Each structure stands twice: as C-alpha cells, then as structure tokens.
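For the record, the sequence lines run as chains A and B.
Numbers 165 to 504, taken from this note's numbering, label the letters of the first sequence in order.
Numbers 165 to 504, taken from this note's numbering, label the letters of the second sequence in order.
Have a look at the structure below, then the notes.
Number of protein chains: 2
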Amino acid sequence: MVTIYDIAEKANVSAMTVSRVINNSGRISEKTRAKVRKVMEEMNYVPNQTARSLVLQQTKLLFLLITDITNPFYTTLARGAEDAAKKQGYRLLFGNSDESLEKEADYVTTILTTRVDGVLLAPAGDPSLPHLELLRRHDVPFVLLDREVPGIDCDIVLGDSKEGARQLVSHLAEAGHERIAMVNGSSSISSARLRLQGYKEGLKLSELPFREDHIFETSFGSLNDLSEMEAWLAGLNPPPTAILTGNNVLAVEVMRLLHGQGLRVPEDMSIVCFDDLGPYADVEPFLTVAAQQAYQFGYMGMSMLIERIQDKETAQPWKKIVLPAELLVRRSVKPLRSGE
Amino acid sequence: MVTIYDIAEKANVSAMTVSRVINNSGRISEKTRAKVRKVMEEMNYVPNQTARSLVLQQTKLLFLLITDITNPFYTTLARGAEDAAKKQGYRLLFGNSDESLEKEADYVTTILTTRVDGVLLAPAGDPSLPHLELLRRHDVPFVLLDREVPGIDCDIVLGDSKEGARQLVSHLAEAGHERIAMVNGSSSISSARLRLQGYKEGLKLSELPFREDHIFETSFGSLNDLSEMEAWLAGLNPPPTAILTGNNVLAVEVMRLLHGQGLRVPEDMSIVCFDDLGPYADVEPFLTVAAQQAYQFGYMGMSMLIERIQDKETAQPWKKIVLPAELLVRRSVKPLRSGE
DNA sequence: TTGTAAGCGTTATCAC
DNA sequence: GTGATAACGCTTACAA
Chain A
165 MVTIYDIAEK ANVSAMTVSR VINNSGRISE KTRAKVRKVM EEMNYVPNQT ARSLVLQQTK
225 LLFLLITDIT NPFYTTLARG AEDAAKKQGY RLLFGNSDES LEKEADYVTT ILTTRVDGVL
285 LAPAGDPSLP HLELLRRHDV PFVLLDREVP GIDCDIVLGD SKEGARQLVS HLAEAGHERI
345 AMVNGSSSIS SARLRLQGYK EGLKLSELPF REDHIFETSF GSLNDLSEME AWLAGLNPPP
405 TAILTGNNVL AVEVMRLLHG QGLRVPEDMS IVCFDDLGPY ADVEPFLTVA AQQAYQFGYM
465 GMSMLIERIQ DKETAQPWKK IVLPAELLVR RSVKPLRSGE
Chain B
165 MVTIYDIAEK ANVSAMTVSR VINNSGRISE KTRAKVRKVM EEMNYVPNQT ARSLVLQQTK
225 LLFLLITDIT NPFYTTLARG AEDAAKKQGY RLLFGNSDES LEKEADYVTT ILTTRVDGVL
285 LAPAGDPSLP HLELLRRHDV PFVLLDREVP GIDCDIVLGD SKEGARQLVS HLAEAGHERI
345 AMVNGSSSIS SARLRLQGYK EGLKLSELPF REDHIFETSF GSLNDLSEME AWLAGLNPPP
405 TAILTGNNVL AVEVMRLLHG QGLRVPEDMS IVCFDDLGPY ADVEPFLTVA AQQAYQFGYM
465 GMSMLIERIQ DKETAQPWKK IVLPAELLVR RSVKPLRSGE
C-alpha cells in the first residue's frame, strides 16, 4: 500500500507536506504542490480513509436502514436518500432489516462499530426503542422514517397514514362497498395503527359499521404462508366485497391468495392499498392506491439528518415532517353503484 | 467515546488484556475476563472498527455496486448477496451507478479510499474497463455480475443471455409472429450483444428474415424521453406484431409508450422480455419473460468473492458461472396461429 | 512555506 | 496470564 510517506520520500518533502497537498490546506508553493501531485499520480496513491477517520473522528459515512429492500417504496426512498447524501459529499452504507428486530439489532451493532456519522432508519416497530436508545446513548444522530416509536424524541419523516387510509375507505364507500375488510401490518408499528384508525374513521364518515373480524393483522413483509389469511377470509360470512391493505406488499399477497382461489380483481373482490407498486408494476398501473412520496421520504430525511449532524452542538428542536398521501384511482375497484 | 483504556483503568488491568477479552484471544483467567466484561457492560463499550481496520488492514466490509436500484432484478440480486455476505460475517456497503460511467467512477474512488475487502459489481459496460483495471492495480478482489468486460480476466456470474433470447424469439415464432422487433440496451454491454445474437439465431431457426431496422438500441435504465422510440416504431411499415426487449425495464417503457398511443398488450402488440418484474408486478404476472435467477446471481457471486478474498495468496484460476434463464409463458403474447 | 512530534483506538510482538 | 511498546496511515498543533 502506498502511503503519504512513500510519496514524501520520492518527492523529497515531509509527509506533512503531502498531507497538505491532498487536503488543499495550509500554504504550499506551486512548485512543491506540482511535484507532489506528480509523484502521487505515478504511484497511484489513494488516501486511506480508515486512517483519516480514526484521527478526524468522523467517517463521512451515513447509514440507511430499511425494512424491505424488495419493496419499491423503500428502493425509491433509497434513491432519494442516496441523491441527498451524494449532494452533500457523504457516502451511504445500506442495510435491510427485513422487518426483523434481530436483524435490526445486528445492524445497530454494525452502525456503532463502524462509527458512521449518522443513521436514517425505518424502525421495525415499537420494540425498536432500545435500539434507538442505544444510538442516542452513543451520540449517533438519527432520523426516523415512516414509523414513529413511542418513548423517543427525534427527527422524523412520516406519511399521513390516517388520512390516506380514510380516503381509500371513502373511495370504496362511494363506489358502493359496504363490507370492507382490512389486512394490516403489525399493531406494534405506528403506521399500521394509524392506518387502522383512518380505516375506522372512513367507515364512520360513510356510516358503515366497524366489525372486529374484518381486521386481519399480519406482517408488512412478504408472507411465506397464506393459510391463516385464507382461513380468516373464508370465515367471513357474508364475505367482504373489498379489501384495504396496510401496504403494497400485502396487496400483492392478498391478490396472490385470491388468484389461487380462482377469484378475480376487481370482478370478485376490490382491492386498494397504501403505497404504490413502483415503475415495474405490469402493464399500465392497475391497483388503486394511496401513493406516498417515497423519493421525498428519503431525500428530506437525509437532508434533515445531515443538517442535524452539522449542527450537532447547537441543540435544535426535533423536527417532524408529515407528507400527504395521494389517492390514485385506477382499476382495482368495482363500482357497485354509480358514484355520488 | 469509551476506549479500551477506559475499560482497562476501571478494571485495573492493561489495555492489552481488554483487547484479549474482546477478541477471545490469548489465555486469560476467568476471573479477569469476568471483571473486564462487567466493566465493558457498565460503560457501554463498543469496539472502534475504524481503529481495528487500520491495524488489521482489513475492513470486513464488502461492496455491491449495481446499475439500477429500482430494478427488481438487482434488488433481488442484492438480497442474495446480502445473505451470503452475512453468513460469512461480512458487512455490505452498497452503491447504485444508475448505468452511468461517471457515477461508477465515483463509486470506484469510494471503494478504494474505504479500503473495502472486495467488490461485487455489475459494470456499466465495456468502457468500465479502466475502473476494473484500477481495482486490479490496487489489489482489490472483485467479481463481475451479469456483464462481461472485454480486456479483463476475472471471476464472473453470467446469465445465458443468448439462449434466453433465442427461446423468447422461438416462442413468438411458434405463436405465429413473423415480424418481431427488438428494443435493446447499449451494444457496449455484453449482455445486450448476446441477447441480440440470440434474437438473430432465433429468427434464423424459425426461418424468419432479420431486418436491421427492427432493432432499436437505447439504455437499459428507465427512459426520460420516449419520443425516439416512438419515431422508430412509427417508421416501421408494416409494423411488427411483437417486440422483444433486452430487459424488464425496457419492457415497461415499451408498454408505457404503447399505452400512451391507446394500444393494448397483447391485443395490438405482443411483448416479451428478459428478466422478471419481481413480486410487485400488478395482480397475477402478465408478461411472458425469460426469467433469470436474480437471487442466485447475488448469492453465488458473493460466495465467489469471499472465497477469492480468503484464498488471496493461492492463485486460483478465474471462475465463470453461467446461470440459465427460464422461459415463463404468461399472457403478453397473442397467438396468431395455434402452436405447433 | 515546510517540518517535527504527538496522538486517534486498536492489535502483534515480545517480555516478564 | 498479563503488560509495555510499537505500529497501522493520517492530521492537528506547534516549531522553524
């Protein structure tokens, strides 16, 4: 490995002079600078960021922890985060917790030992609290994404889950649906709770009754086994005419189940969901969704994080950004009567 | 920041003893070990990986560079790479070159300065050669994914592009299609060239003429502007009855174009493509594709990389893995006559 | 304008 | 079993 000392020797200067050339710091004669530059070129010198980080106590490395890398919501979000980080000269490390607290714990360890300068993360749920407290105790700045965690105050970017869910329900009700079920993520996740609330509010506004057995709670990640959901759906009599799912992944899972039973969407069952399916949804977009501004989640969250890192001493108040969801009406809802 | 010296002082031992406890190296009395462990707990000690990397000359960090983070082929591949890395105790850094040579160059710099232990990458194309030579010159082990780069010998995981494309064409021909166009990625990318070859072979096998103007070459990434493609398609007289695209992203772009013109798939135009659309394709899978084993690309590539890193001194011959593509017949092809 | 010395937090080496 | 010391590659502070 070529070090500044190798360069220094060959250029007949001290290592310090080489360091100054690299960092454009201090006053250096043009002649020396040119000479050092030339030797660096010749020797293919590349600065050792590890050594630099050790002395500077900062890595210029940020971390983005998402809960599902195959979910287009999160990959789009990642693009936003990446762009914002790059713009400010930070590099981005990346992790995927897979909605698992254990994997999240692993990544938090990684984050701590790698001494990244800051973390942008979608927590697995309320039980993530100790992980966040650990980060806080070690003075690692972080910004939460998409999900609140009771018990910790911090910067956060959220979607308007309640209002989005309410809109979806109202849309269904206006199309004449009266038996609307909901397949949701874990109630230990704030966004799932809010979407449930929005669902209930939507029912109330349309003067539809809320039925406890119309709620099926599972994981926001993709499901290995659909049998429980199948049993739940089969047990509903009369069956719902529409299903609202708590996110895009669950919409796909529900459709997978329905198709396995030979049922068609929207002819036999209407489906709406939170989050869009991304650009690679087949053909023209089909699902009616409450689309979130995924890219903005990442971009704004990253910007907040970097701001927080750079103003680390001046204690700014915690910021909370709430991004609205947009109802995109497409073809997955069957009109049971003409809209009002 | 708590260091081993802080621990040492409080536990009345030397820093070296603390280091031994952390690494489970050397012989230590159970009593000392317990005492040190206790103090570490109390002080919330977390080892500084930066310092460790500096002395150990390895980071246990690997890098995965893909060309399109929003492409389900690559996110699935990333999952495979992640799983394999984790299994072997490596952490994974992640980058997205966006099919851009410039961004790729940036990431190569990042890779060099961060001193990651190895790199798994899908190169932007043949002009990536200098980037690979730079990695080689700096002794950074790497494994190529999905695309060969003429001029460099290295480990690589490829799909059987030629055979996959041939199958897709044969499938179309068997359905009675005679005018089959192709929208492909840049010819500076090996997989695009091979898919074109497969296309030609497929035509020949079915005794269909090859027409130069049936080929439209663009980028494998998503397109901002469809007007060129539109002009090309409009210029074909008689128009093709089917289009083969070089990857999934281009299939989506072609469908976007067709829908913009009020044309339907497969009624007005049949579409087939390379790579599947991932789990979040709308409803039931619609596109007929040559699906690649995306997860295996990542998993096997990562395994090869780690093997290469661990046997760095013993010069193993370069390995090349070719994964077959599987034809998945769905609903995007209109039968013009009954199959043979 | 340039150089010297110390230190960032850790581990390898060699003593005891 | 345990400890002192040097080293990893770099930058900050101070000196010349």
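Note that CB positions come from ideal geometry on N, CA and C, so glycine has one too.
Predicted, not measured: the structure shown is a model, and the values here were computed from it.
What would DSSP say about residue i, mapped onto helix, strand or coil?
i             : result
residue 279/B : coil
residue 440/A : coil
residue 187/A : helix
residue 489/B : coil
residue 255/A : strand
residue 388/A : coil
residue 212/A : coil
residue 176/A : coil
residue 467/B : helix
residue 401/A : coil
residue 219/A : helix
residue 167/B : coil
residue 372/B : coil
residue 207/B : coil
residue 364/A : helix
residue 500/B : coil
residue 473/A : helix
residue 268/B : helix
residue 340/A : coil
residue 424/A : helix
residue 412/B : helix
residue 201/B : helix
residue 248/B : helix
residue 495/A : coil
residue 315/A : coil
residue 418/A : helix
residue 355/B : helix
residue 479/B : coil
Am I right that residue i and residue j are in contact with their C-beta atoms under 8 Å? What's the rounded C-beta distance?
i             : j             : result
residue 284/B : residue 464/B : Their Cβ separation, rounded to whole angstroms, is 10 Å, which puts residue 284/B and residue 464/B out of contact at 8 Å.
residue 214/A : residue 218/B : 5 Å
residue 450/A : residue 494/A : 6 Å
residue 138/A : residue 321/A : There is no way to answer for residue 138/A, as the model of chain A reaches only from 165 to 504.
residue 410/B : residue 356/B : 5 Å
residue 343/B : residue 438/B : In fact, because the Cβ distance is near 20 Å, the residues do not count as touching under 8 Å.
residue 223/A : residue 280/A : 6 Å
residue 347/B : residue 380/B : 5 Å
residue 232/B : residue 262/B : 7 Å
residue 458/B : residue 237/B : 5 Å
Return the bridge partner residues of residue i from the DSSP annotation.
i             : result
residue 321/B : 309/B and 485/B
residue 380/B : 347/B
residue 230/B : 260/B
residue 434/B : 406/B
residue 452/B : 436/B
residue 509/A : Lying before the first or after the last residue shown, residue 509/A is absent from chain A, which here runs from 165 to 504.
By the criterion of Cβ-Cβ separation under 8 Å, what are the contact partners of residue i in chain B?
i             : result
residue 258/A : 256, 257 and 258
Check the Cβ of residue i against every Cβ in chain A and list those closer than 8 Å, keeping chain order.
i             : result
residue 233/B : 239, 242, 243 and 246
Using a Cβ-Cβ cut-off of less than 9 Å, give me the residues of the stretch 208 to 224 of chain B that come near chain A, in sequence order. 208, 210, 211, 212, 213, 214, 215, 216, 217, 218, 221 and 223
In the stretch 235 to 254 of chain A, which residues sit with their C-beta less than 7 Å from some C-beta in chain B, listed in chain order? If the cut-off is 7 Å between Cβ atoms, the stretch 235 to 254 of chain A has 236, 239, 240, 242, 243 and 246 near chain B.
Of the residues that make up the stretch 292 to 312 of chain B, which ones have a beta carbon closer than 9 Å to any beta carbon in chain A? With the criterion set as a beta carbon lying under 9 Å from some beta carbon of chain A, the members of the stretch 292 to 312 of chain B are 298, 301, 302 and 303, in sequence order.
Residues within the stretch 275 to 286 of chain B neighbouring chain A, beta-carbon criterion of under 8 Å: 276, 277, 278 and 279
Identify each residue in the stretch 386 to 411 of chain B for which the Cβ-Cβ distance to at least one residue of chain A is less than 8 Å, and report them in chain order. For the stretch 386 to 411 of chain B, the set of positions with a beta-carbon nearer than 8 Å to some beta-carbon of chain A reads 386 in chain order.
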